[in-house]
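Notes to accompany the following structure.
Protein chains in written order, with the numbering used here: chain A, 1 to 150; chain E, 151 to 256.
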């Protein structure tokens, strides 16, 4: 076997090994489990949710985050809950908000802490029992401080 | 030692969707950080924020250690009747604070 064919073969094997792992790497176990606790056996569909978070933040201690869901917010069709998860903070949960038709708009804003550059996932539960999601990658140059300032 | 800042319109036309923003001073100590003596500083966070309009809950949020210090929350509400919006924060170490905002709907 000459070198060129050997390299081509290695590349092909690597592709086969890496591909099935890629989705799992995007959602580490703790976050996947936290999401499963909320979603249960229902299917998670991407869409309808808009996660507004800066792609690059200098200070992970205070990161503005706005979740908005495309919903008419009427008594017949509204967003019941909005959940936000992260993959690399010590805990996967960020917040869970409960909403109803009395909100008029399914928009929740807050500020969060990020311990590292990571992916954030927002999940919305609509009144028909379906789950919608959106994700965003955030690069953090200075992580939320791990030690007490002296 | 609770300083609260609430931004909500004093008056609203009936049926309008208004934004309510609330900020409260709180350290939101995560419980994962070592202090100056090397020991972990015990967790002290706000666990729950609720908003009621004339007694009916319109918004609730369960917070975690990942919410930044001095938690800020913004949400929307339909102005159906004049009344009082009560914002309530509860958390570790018996933390419980309330703020009332009167909104006139015409």
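The beta carbon of each residue, even a glycine, is placed where N, CA and C say it ideally should be.
Considering only DSSP beta bridges, list what residue i is partnered with.
| i | result |
| --- | --- |
| residue 48 (chain A) | Paired residues: none, contrary to the question. |
| residue 64 (chain A) | A:111 |
| residue 154 (chain E) | E:174 |
| residue 161 (chain E) | E:254 |
| residue 184 (chain E) | E:190 |
| residue 142 (chain A) | A:59 |
| residue 238 (chain E) | E:200 and E:248 |
| residue 4 (chain A) | None; residue 4 (chain A) has no bridge partner. |
| residue 195 (chain E) | Paired residues: none, contrary to the question. |
| residue 169 (chain E) | E:226 |
| residue 136 (chain A) | A:120 |
| residue 84 (chain A) | A:95 and A:122 |
Over the uninterrupted alpha helix (DSSP H) stretch that includes residue i, give me the two end residues.
| i | result |
| --- | --- |
| residue 37 (chain A) | 29-39 |
In terms of residues, what are the limits of the beta strand (DSSP E) holding residue i?
| i | result |
| --- | --- |
| residue 245 (chain E) | 245-255 |
| residue 130 (chain A) | Looking at the DSSP string, residue 130 (chain A) is not in any beta strand (DSSP E), and its letter there is neither H nor E. |
| residue 91 (chain A) | Element bounds for residue 91 (chain A): n/a, residue is neither H nor E. |
| residue 120 (chain A) | 118-126 |
| residue 73 (chain A) | Per DSSP, residue 73 (chain A) belongs to no beta strand (DSSP E) and is neither H nor E. |
| residue 207 (chain E) | 206-213 |
| residue 227 (chain E) | 222-228 |
At a CB-CB cut-off below 8 Å, which residues of chain E make contact with residue i?
| i | result |
| --- | --- |
| residue 86 (chain A) | 216 |
| residue 40 (chain A) | Chain E residues near residue 40 (chain A): none, gap ~17 Å exceeds 8 Å. |
| residue 94 (chain A) | 214, 216 and 217 |
| residue 80 (chain A) | Within 8 Å Cβ-Cβ: nothing; residue 80 (chain A) doesn't reach chain E, min ~11 Å. |
Can you find the residues in the same chain that come closer than 7 Å, C-beta to C-beta, to residue i, ignoring five residues on each side of it along the sequence?
| i | result |
| --- | --- |
| residue 25 (chain A) | Reliability of the predicted coordinates at residue 25 (chain A) is poor, the pLDDT of 35 falling under 50, and no value is obtained from them. |
| residue 252 (chain E) | 234 |
| residue 59 (chain A) | 142 |
| residue 56 (chain A) | 139 |
| residue 94 (chain A) | 84, 85, 86 and 112 |
| residue 75 (chain A) | 101 |
Name, please, each residue of chain A whose Cβ falls closer than 9 Å to the Cβ of residue i.
| i | result |
| --- | --- |
| residue 167 (chain E) | 73, 103, 104 and 105 |
Starting from residue i, find everything on chain A with Cβ-Cβ shorter than 8 Å and list it in chain order.
| i | result |
| --- | --- |
| residue 210 (chain E) | 97 and 98 |
Going by beta carbon distance, what residues of the same chain come within less than 6 Å of residue i, once the five residues before and after it are set aside?
| i | result |
| --- | --- |
| residue 239 (chain E) | 174, 196, 199 and 247 |
| residue 237 (chain E) | 172, 201 and 249 |
| residue 92 (chain A) | 30, 31, 34 and 85 |
| residue 154 (chain E) | 174 and 249 |
| residue 219 (chain E) | 177 and 178 |
| residue 63 (chain A) | 57, 112 and 114 |
| residue 228 (chain E) | 167 |
| residue 208 (chain E) | 201 and 227 |
| residue 109 (chain A) | 66 |
Got a sec? Which residues, its chain only, sit under 8 Å from residue i by beta carbon, not counting five neighbours each side?
| i | result |
| --- | --- |
| residue 181 (chain E) | 190, 191, 192, 193, 194, 195 and 215 |
| residue 206 (chain E) | none |
| residue 23 (chain A) | In this prediction, residue 23 (chain A) has a pLDDT of 37, which is less than 50 and means its spatial position is unreliable; what the coordinates show is noted afterwards. Result list for residue 23 (chain A): empty, nothing under 8 Å. |
| residue 100 (chain A) | 78 and 80 |
| residue 272 (chain E) | Any property of residue 272 (chain E) remains undetermined from this structure, which presents chain E solely from 151 to 256. |
| residue 98 (chain A) | 80 and 81 |
Taking C-beta pairs closer than 9 Å, name the residues in chain E that residue i reaches, listed in chain order.
| i | result |
| --- | --- |
| residue 90 (chain A) | 180, 181, 182, 215 and 216 |
| residue 108 (chain A) | 209, 211, 223, 224, 225 and 226 |
| residue 123 (chain A) | Chain E residues near residue 123 (chain A): none, gap ~14 Å exceeds 9 Å. |
Taking Cβ-Cβ distances shorter than 7 Å, what residues in chain E pair up with residue i?
| i | result |
| --- | --- |
| residue 139 (chain A) | Under the 7 Å cutoff, chain E gives no residues; its nearest Cβ is about 17 Å from residue 139 (chain A). |
| residue 119 (chain A) | Those do not exist, as residue 119 (chain A) stays about 14 Å from chain E at its closest Cβ, beyond 7 Å. |
Residue i CB to nearest chain D CB: under 8 Å?
| i | result |
| --- | --- |
| residue 213 (chain E) | Any reference to chain D falls outside this structure, whose protein chains are A and E. |
- [ ] Would you list, in chain order, the members of the region 216-232 of chain E that have their beta-carbon closer than 9 Å to a beta-carbon of chain A?
- [x] The region 216-232 of chain E vs chain A, Cβ under 9 Å: 216, 217, 218, 219, 220, 221, 222, 223, 224, 225, 226, 227, 228, 229 and 230.
- [ ] Check each residue of the region 125-136 of chain A: if its Cβ is closer than 9 Å to any Cβ of chain E, include it; give the result in chain order.
- [x] Listed by position, the residues of the region 125-136 of chain A near chain E (Cβ gap below 9 Å) amount to none.
TODO: Using a Cβ-Cβ cut-off of less than 7 Å, give me the residues of the region 30-56 of chain A that come near chain E, in sequence order.
DONE: If the cut-off is 7 Å between Cβ atoms, the region 30-56 of chain A has nothing near chain E.
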